[in-house]
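To keep things clear, I will list the structure first and then write my remarks on it.
There are 2 protein chains.
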Amino acid sequence: MQEDKKPNSVRFSRTRKHHANETAEDYVEAVAEIIDASGECRVLDLAKYFDVSHVTVSRIVKRLQGEDLLVTRPYRPISLTKQGAKMAKYAKQRHEIVLDFLVAIGVDAQTAEIDSEGIEHHVSSKTLAAMKSFLTK
Amino acid sequence: MQEDKKPNSVRFSRTRKHHANETAEDYVEAVAEIIDASGECRVLDLAKYFDVSHVTVSRIVKRLQGEDLLVTRPYRPISLTKQGAKMAKYAKQRHEIVLDFLVAIGVDAQTAEIDSEGIEHHVSSKTLAAMKSFLTK
DNA sequence: GGCAAATTGTAGCAATGGCTACGGATGCTG
DNA sequence: CAGCATCCGTAGCCATTGCTACAATTTGCC
Numbered sequence: 093m094q095e096d097k098k099p100n101s102v103r104f105s106r107t108r109k110h111h112a113n114e115t116a117e118d119y120v121e122a123v124a125e126i127i128d129a130s131g132e133c134r135v136l137d138l139a140k141y142f143d144v145s146h147v148t149v150s151r152i153v154k155r156l157q158g159e160d161l162l163v164t165r166p167y168r169p170i171s172l173t174k175q176g177a178k179m180a181k182y183a184k185q186r187h188e189i190v191l192d193f194l195v196a197i198g199v200d201a202q203t204a205e206i207d208s209e210g211i212e213h214h215v216s217s218k219t220l221a222a223m224k225s226f227l228t229k
Numbered sequence: 093m094q095e096d097k098k099p100n101s102v103r104f105s106r107t108r109k110h111h112a113n114e115t116a117e118d119y120v121e122a123v124a125e126i127i128d129a130s131g132e133c134r135v136l137d138l139a140k141y142f143d144v145s146h147v148t149v150s151r152i153v154k155r156l157q158g159e160d161l162l163v164t165r166p167y168r169p170i171s172l173t174k175q176g177a178k179m180a181k182y183a184k185q186r187h188e189i190v191l192d193f194l195v196a197i198g199v200d201a202q203t204a205e206i207d208s209e210g211i212e213h214h215v216s217s218k219t220l221a222a223m224k225s226f227l228t229k
């Protein structure tokens, strides 16, 4: 009855790596959304989107470019790589399922929007499946 | 129809302040749990609990002591302040509701345990109320 | 009491993500 | 096409949370 085989690093996601991945997901999702809405995505668009300074965006964009998630050149718009687009697609799906699910259990739309942003990164595929199943029921 | 009065810093919780608060909640909850289980809580207990080095724990404990959430002295056990105990109590309640809720919608216990750790910090009181209401239905 | 093991603290490094201040590019507009 | 506004990059600061390596304290055992 070994109940603790897995290290708690699996349970507790307050790790640099996990956070970096959350950031990556939020950014590619935002880039996709902004391009979809306005045709192109600039550093300042992301800065406004996340309500942070352009400097913070700039550094993160550079990191994500190094991770082959997005592409840009100095003073140029930002676009997604194939890999980035794929991540954005999954992130969006997850986001929408969580959002719809929260609304389905009676959370008001505005609160659901806020909470789903935080929750989406912590929902495993199994939990996501349970939410999806709940929605189609 | 101003749909974006609130800054996105409210929606996107990837902020130092928010993370620091998550850490605080996880730590006070862990301290309460460990004391409850074994009578006292030491730095190494927390290190094992979170699967991090004792150094990381030591520094965070020092910070949380400064925030009046817990009390300790060098080479001595850790206990909660009144404020820390209150935070631990609410964190535990939230944790349990989220956990029970996930199980209720069909997530297996192990996955629910993992996901609830991540989700609990992002659930507003409104969403928590919706979960509670779902459970008692 | 004293030694050894276990525990905890300190020093110092890295990565991530906040910021302000400043300077260089780009692009619009007269 | 020149100048100005906007956008973006760089330099350099801080906080948080990881780490290893080493020092200090406590504790248990002989």
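Protein chains in written order, with the numbering used here: chain A, 93 to 229; chain B, 93 to 229. Backbone N, C-alpha and C define an ideal beta-carbon position, used for all residues, glycine too.
Out of the options, point me to the one whose CA is closest to residue i's CA.
i                     : options                       : result
residue 166 (chain A) : A:154, A:174, A:175 and A:143 : A:154
residue 216 (chain B) : A:213, A:221, A:224 and A:194 : A:194
residue 107 (chain A) : B:148, B:162 and B:173        : B:148
residue 189 (chain B) : B:137, B:220 and B:178        : B:220
residue 103 (chain A) : B:187, B:161 and B:168        : B:187
residue 112 (chain B) : B:222, B:178 and B:156        : B:156
residue 222 (chain B) : A:176, A:119, A:196 and A:222 : A:196
residue 164 (chain A) : A:140, A:178, A:123 and A:192 : A:123
Listing by chain order, which chain B residues have their CB less than 8 angstroms from the CB of residue i?
i                     : result
residue 103 (chain A) : 205, 206 and 209
Name, please, each residue of chain A whose Cβ falls closer than 8 angstroms to the Cβ of residue i.
i                     : result
residue 223 (chain B) : 197
residue 200 (chain B) : 218
At 9 angstroms on the CB atoms, spell out the chain B contacts of residue i, in chain order.
i                     : result
residue 215 (chain A) : 207, 210 and 211
Taking the straight line between their C-alpha atoms, what separation do you get for residue i and residue j?
i                     : j                     : result
residue 201 (chain B) : residue 135 (chain A) : 42 angstroms
residue 213 (chain A) : residue 130 (chain B) : 33 angstroms
residue 69 (chain B)  : residue 218 (chain A) : Past the boundaries of the shown model lies residue 69 (chain B); chain B is included only from 93 to 229, so the question cannot be answered.
residue 114 (chain A) : residue 133 (chain B) : 31 angstroms
residue 94 (chain A)  : residue 181 (chain A) : With a pLDDT of only 38 at residue 94 (chain A), under the threshold of 50, the placement of this residue in the model should not be trusted, and no figure is reported.
residue 173 (chain A) : residue 109 (chain B) : 31 angstroms
residue 119 (chain A) : residue 191 (chain A) : 18 angstroms
residue 142 (chain B) : residue 168 (chain A) : 42 angstroms
residue 139 (chain B) : residue 185 (chain B) : 23 angstroms
residue 178 (chain B) : residue 162 (chain A) : 44 angstroms
residue 137 (chain B) : residue 229 (chain A) : 44 angstroms
How would you list, in chain order, the residues of chain A whose beta-carbon sits under 9 angstroms from the beta-carbon of residue i?
i                     : result
residue 194 (chain B) : 219 and 222
What does the Cβ neighbour count give for residue i, buried or exposed, with the cut at 16 atoms within 10 Å?
i                     : result
residue 121 (chain A) : buried
residue 236 (chain B) : Absent from the model: residue 236 (chain B). The displayed extent of chain B is 93 to 229, so no value can be given.
residue 145 (chain A) : exposed
residue 151 (chain B) : exposed
residue 160 (chain B) : exposed
residue 227 (chain B) : exposed
residue 176 (chain B) : buried
residue 158 (chain A) : exposed
residue 209 (chain B) : buried
Which whole-angstrom value is the C-beta distance of residue i and residue j, which I expect to be below 8 angstroms?
i                     : j                     : result
residue 198 (chain A) : residue 171 (chain B) : Actually they are not in contact, since the Cβ atoms of residue 198 (chain A) and residue 171 (chain B) sit about 39 angstroms apart, beyond 8 angstroms.
residue 230 (chain A) : residue 183 (chain A) : With chain A covering 93 to 229 only, the question about residue 230 (chain A) has no answer from this structure.
residue 211 (chain A) : residue 211 (chain B) : 5 angstroms
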